[in-house]
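Protein chains in written order, with this note's numbering: chain A, 1 to 120; chain B, 1 to 109. What follows is a short report on a single structure.
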């Protein structure tokens, strides 16, 4: 059974660092991109970025570039989303999704979401 | 950045048919944009329904169908069920980066 299991909810203060994770199982990890999507409270979906597990090439939306880092650990089939210095505006649910088609343009399985709360 | 526009809300009667659309502010939507559609029920993670314009994910009920219509991507729900009440998002891939639409809240009434 294909599963993407994300790490648990986080409560942080502005300026703190954070890494959340997404662990894939039930499929060949390197054959599928992983995409990250943000959903701020009461708002719609926003594409954050994606990573190719074959070569660790990652691409982020310009609005997230410099704010987040997408990385992975092939040995544990886990993808990470990392912040060096959180802002209150990073408060949101972050979803990971398994992606395929050319350059990961299609998706099927999604994680359950990780709630990140940033407040002083 | 390109804006992707969806109807903010639509209402449909049980058993009825409704079509949601997804438009780009800068260009005609084609298969090259790999249009995808997602359903999000309250408090749940989004669930993919359609990718590459009209290909259903394995769990997508037959009453959902995707197409290209008049320069836009479209999602048609036929024989609507009460459990279809949800917010639906489209996603388009541009040369730069993918962009989600703002979502359409479908009410079954």
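Yeah, the Cβ is synthetic: ideal placement off N, Cα and C, and Gly gets one too.
Within its chain, find whatever has a CB closer than 6 Å to the CB of residue 27 (chain A); leave out the 5 residues flanking it on each side and keep chain order.
2
Starting from the C-beta of residue 110 (chain A), find all residues in its chain whose C-beta is less than 6 Å away, skip the five residues before and the five after it, and write them out in chain order.
95, 97
Would you verify that the beta carbon of residue 52 (chain B) is, or is not, closer than 7 Å to some beta carbon of chain A?
yes
Could you tell me whether any Cβ in chain A is nearer than 7 Å to the Cβ of residue 97 (chain B)?
yes
Taking just the CA atoms, how far does residue 49 (chain A) sit from residue 72 (chain A)?
13 Å
Helix or strand or just coil, what does DSSP make of residue 100 (chain B)?
strand
Near residue 52 (chain A), which residues of its chain fall below 6 Å by C-beta distance, leaving aside the five closest residues on each side in sequence?
33
Tell me the rounded alpha-carbon separation between residue 93 (chain B) and residue 100 (chain B).
9 Å
Can you have a look at residue 106 (chain B) and say buried or exposed, based on whether 16 or more other CB atoms are within 10 angstroms of its CB?
buried
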